[in-house]
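Remember, this note's numbering sits 249 above the position in the sequence shown when you count from 1. Comments concern the structure below.
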Amino acid sequence: MTWGTFTIQHILSLAAIITFAVSLHFILRRLSDKAKIRLLFAVSLVGVAAVLYDLVRWGQPLLYLPLHLCSLNALIIPFAVLTRNKVAAHLTLVWSLGAMLVLVVNTGQAHYEMFSEAFWVFVLCHTVDVSIPALLFTTGLVEFNIKKAPAVIGTTMAAYTCVHFINLGINKYLMQKASSAALYSRYRATVPQVNYMYSLGDEGNAAFALFRQIIPADYWHMYLIAPIIAVFLFAVHFGIKLRRKAKAKAKKESYLAVTEEI
250 MTWGTFTIQH ILSLAAIITF AVSLHFILRR LSDKAKIRLL FAVSLVGVAA VLYDLVRWGQ
310 PLLYLPLHLC SLNALIIPFA VLTRNKVAAH LTLVWSLGAM LVLVVNTGQA HYEMFSEAFW
370 VFVLCHTVDV SIPALLFTTG LVEFNIKKAP AVIGTTMAAY TCVHFINLGI NKYLMQKASS
430 AALYSRYRAT VPQVNYMYSL GDEGNAAFAL FRQIIPADYW HMYLIAPIIA VFLFAVHFGI
490 KLRRKAKAKA KKESYLAVTE EI
């Protein structure tokens with residue numbers, strides 16, 4: 250049975266990921282900050298293990314380098330948890346958007362067999378990517394600060410640009426290596442190519458295909474991420490402000506009710 254997109258098994262797996270994150274949130278609320286860090290760090294190592302497994306399992310390390318946004322995020326999350334570094338924490342929160350996107354719009358992975366190696370590696374890595382960054386903020390380990398937005402957007406686009414040129418370099422190397430084969434010209438289409446961070450194409454992902462329709466050019470199409478990140482960060486910022494105002498109002502009303510009784 251394949252995973253599929255918006256099939257019953259796909260929806261149930263998304264529900265399981267949400268249940269895991271919510272359950273972990275309530276567990277963490279009962280712990281001290283040190284205990285929270287230890288638990289989140291232990292969970293974050295699952296993501297690191299998934300990335301390393303992909304790197305060595307399939308015998309083609311150049312094709313499985315941790316250069317997709319989700320893989321990079323999995324490697325940064327343990328550092329963000331241990332240090333509670335604000336820029337790193339905000340960066341992982343933003344990069345978790347990529348994990349959310351490919352989990353929901355999983356057209357590139359819909360063919361995975363349920364509970365296969367590829368399925369588990371993908372789901373475990375992306376579950377860590379989605380849950381832990383949010384938990385750093387919801388459990389109070391890191392305070393959200395909209396002033397980190399420029400650093401986060403700049404770092405994201407700089408990383409994307411570096412990865413794009415790595416894509417070009419690896420693909421050139423692979424083509425040159427294949428050119429020595431006698432049948433290269435006949436079977437050129439079979440030469441493997443990398444497309445980390447989707448800078449060279451959408452890889453069948455519906456969301457990234459939309460980006461390419463808007464900006465039909467390699468590399469530049471993913472610049473649509475920048476305004477999306479900005480909107481996301483400001484949405485979180487204003488959401489937190491509204492929540493604080495609601496809490497303050499409820500507290501004030503409660504205080505007034507008590508004083509009136511007295």
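Quick reminder that beta carbons are idealized off the backbone N, C-alpha and C, glycines included. Since we're looking at a predicted model, the values are computed, not measured.
Residue i classed as buried or exposed, judged by whether at least 16 other C-beta atoms fall within 10 angstroms
| i | result |
| --- | --- |
| L261 | exposed |
| Y313 | buried |
| P327 | buried |
| K426 | exposed |
| F371 | buried |
| T376 | buried |
| K500 | exposed |
| T332 | exposed |
| T268 | exposed |
| C319 | buried |
| V305 | exposed |
| D282 | exposed |
| S272 | exposed |
| A329 | buried |
Residue range of the unbroken alpha helix (DSSP H) whose run includes residue i
| i | result |
| --- | --- |
| T404 | 398-427 |
| W252 | No alpha helix (DSSP H) holds W252; DSSP gives it neither H nor E. |
| E362 | Run containing E362: none; DSSP gives neither H nor E here. |
| Q462 | 455-463 |
| I326 | 318-332 |
| R287 | 282-306 |
| H339 | 335-353 |
Distance between residue j and residue i (C-alpha atoms, nearest Å)
| i | j | result |
| --- | --- | --- |
| H486 | V480 | 10 angstroms |
| W469 | V391 | 33 angstroms |
| I286 | A337 | 15 angstroms |
| L491 | S365 | 43 angstroms |
| F460 | L473 | 7 angstroms |
| L449 | M471 | 9 angstroms |
| L321 | S428 | 31 angstroms |
| I463 | I415 | 24 angstroms |
| F393 | L340 | 11 angstroms |
| A484 | G308 | 42 angstroms |
| V353 | M446 | 17 angstroms |
| P476 | L342 | 15 angstroms |
| F368 | G253 | 11 angstroms |
| M363 | A265 | 14 angstroms |
| V412 | Y302 | 21 angstroms |
Pick from the options that is closest to residue i, judged by C-alpha positions
| i | options | result |
| --- | --- | --- |
| K335 | L277, G308, Y409, F386 | F386 |
| Q358 | I478, L459, T256 | T256 |
| C374 | H360, A348, V353 | A348 |
| M250 | Y361, V351, Q309 | Y361 |
| P441 | W369, P310, G389 | P310 |
| T356 | A458, F483, L288, K494 | A458 |
| A270 | A329, A284, V379 | V379 |
| L482 | A398, S345, L263 | A398 |
| L423 | C411, N444, A455 | N444 |
| Y409 | A455, L288, D467 | D467 |
| T388 | K498, A323, H274 | H274 |
Residue i beta carbon near the ligand SAM (any heavy atom closer than 6 angstroms)
| i | result |
| --- | --- |
| Y447 | By its list of ligands, the structure shown contains no ligand whatsoever, and the ligand SAM lies outside what it can speak to. |
- prompt: At a cut of 8 angstroms, does the segment 412-428 reach the segment 302-318 through at least three beta carbon pairs?
  reply: yes
- prompt: Is the segment 377-385 touching the segment 283-302 in the sense that three or more CB pairs, one from each, lie closer than 8 angstroms?
  reply: yes
Given 8 angstroms, three or more beta-carbon pairs between the segment 391-409 and the segment 298-310: no
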